[in-house]
């Protein structure tokens, strides 16, 4: 990764730094730049191509394969979460929850199919646990409950 302009200093929050260190990942310029994208829009989800375009727009030149690997490593260590976008036939990455309870799994979320922002649904956690237990009784292993639709902002007609 080579900067075309000035390097962007990104402060890595302690909970993320802990996860990076536990996974053996270094805080390189590429790592800080990618984290900066997701910290700037915590409820947004980015595809690989969108992340690459955003980094390029910020004046940073990163190899696309390096970015793929970095996104996968950040998802593997729990800094990012990866969701399948069936309509676009790609993955979307977003910040992982701060401290998910391992016994409860990832908290349920609502994802807007128009803008791909994600909204936590903490008030339905018991319902999500019931759904995951029901799947387990059938021999399946569910890891996350997600509801898809259109958020209130996208439903509003353009002014």
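Residue numbers (the working numbering): 28 to 186.
Using N, Cα and C, we set each Cβ at its ideal position, and we do this for glycine too.
N- and C-terminal bounds of the alpha helix (DSSP H) containing residue i
{"i": "residue 157", "result": "152-164"}
{"i": "residue 46", "result": "41-50"}
{"i": "residue 179", "result": "179-182"}
Three-way DSSP call (helix, strand, coil) for residue i in this model
{"i": "residue 147", "result": "strand"}
{"i": "residue 174", "result": "strand"}
{"i": "residue 68", "result": "coil"}
{"i": "residue 139", "result": "strand"}
{"i": "residue 98", "result": "helix"}
{"i": "residue 119", "result": "strand"}
{"i": "residue 231", "result": "With the chain running from 28 to 186 in the structure shown, residue 231 is simply not present."}
{"i": "residue 85", "result": "coil"}
Distance, residue j Cα to residue i Cα
{"i": "residue 38", "j": "residue 165", "result": "45 Å"}
{"i": "residue 76", "j": "residue 156", "result": "34 Å"}
{"i": "residue 93", "j": "residue 139", "result": "28 Å"}
{"i": "residue 66", "j": "residue 122", "result": "7 Å"}
{"i": "residue 161", "j": "residue 103", "result": "26 Å"}
{"i": "residue 124", "j": "residue 178", "result": "20 Å"}
{"i": "residue 173", "j": "residue 68", "result": "19 Å"}
{"i": "residue 151", "j": "residue 144", "result": "18 Å"}
{"i": "residue 91", "j": "residue 56", "result": "15 Å"}
{"i": "residue 58", "j": "residue 112", "result": "24 Å"}
Residue i at chain C interface by Cβ criterion, 8 Å
{"i": "residue 44", "result": "Reference to chain C is not applicable here, since this structure consists of a single protein chain."}
Nearest-angstrom Cβ-Cβ length linking residue i and residue j, presumed shorter than 8 Å
{"i": "residue 187", "j": "residue 176", "result": "Any question about residue 187 goes unanswered here, given that the chain covers just 28 to 186."}
{"i": "residue 73", "j": "residue 120", "result": "6 Å"}
{"i": "residue 82", "j": "residue 64", "result": "7 Å"}
Bounding residues of the beta strand (DSSP E) (the contiguous stretch that carries residue i)
{"i": "residue 74", "result": "No beta strand (DSSP E) contains residue 74, which DSSP labels as neither H nor E."}
{"i": "residue 109", "result": "107-112"}
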